[in-house]
Each structure stands twice: as C-alpha cells, then as structure tokens.
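Notes follow the structure.
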Amino acid sequence: MTQQQFIFPEPKRDTLGSIVLFHLSRDHKGRTKGIKAGLLAVTTGIHERTLRTVISKLREEGVPVVGAPETGYYIAQTADELEECCAFLRSRAMHSLSIEARLRKVPLPALLGQLNLNT
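For the sequence shown, the residue numbers in the working numbering are 715 to 833.
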C-alpha cells in the first residue's frame, strides 16, 4: 500500500495547538509511534484535560491527529490510520446518542429527526 501524505491546513493556530502539533509531527507519526495522553501532557507541559481540548481543536482544523486508548495520539500517515480513527469517533458518537435516546425514552431515529413512514 502506498503512503498518502496529508497536507495540514494553516489556519491561525493558538500557541498550545502549535506546541502539540510540533511534538506530534516531530516524534509521533504513524500508529506505531503513538503517545499516551498523560505522557504527551507531561512532555508538552499542558494539563491533560486542556490537551484533549487542544487536540479536538486541531482535528476541527482538519489536522489528522488520530488515536485511541490503546495507541495513544499520533499524526496519521495512511488512509487506513485515518479511517480507523474516524470509525472510533463515529462509534463513540453513536454510543452517546444511544444513551441520550434511552434517557429521553425516544427511538434513536426520532432523536436524529428521521421521518417514520406508516406502512
């Protein structure tokens, strides 16, 4: 499989985002070089909760910061790595929506605003 290079968008990035991106881009490219959140927090000097917010903002900018609990965070180097992250995020989002639907006591499709057809 050929490796796909991702081009990072260059929006105006805050200082914390730049620090995190610098560390990930330098030392943590690809699944095998992931870094756990706690260690990345220590390495960057950023509180772990703040670090998660910074990573979320980088993702919103389109930066392929990916990861899961078993791999840690890293910059995706292949389409497969990016796809795995997207599947993980989708699964987590669907789980949260399922919980909301149960709490509201409505079917998930109704919560999502999908129309029901009477047959």
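C-beta: ideal position from N, C-alpha, C; glycine also.
Within the segment 742-805, the runs of alpha helix (DSSP H) that reach at least 4 residues and sit entirely inside it are, in chain order, 751-758, 762-774. In this structure, DSSP gives P823 a helical state, which the three-state scheme calls helix.
With contacts defined by Cβ atoms closer than 7 Å, E795 and V780 form a contacting pair. Around the beta carbon of G748, 16 or more other beta carbons sit within 10 angstroms, so the residue counts as buried.
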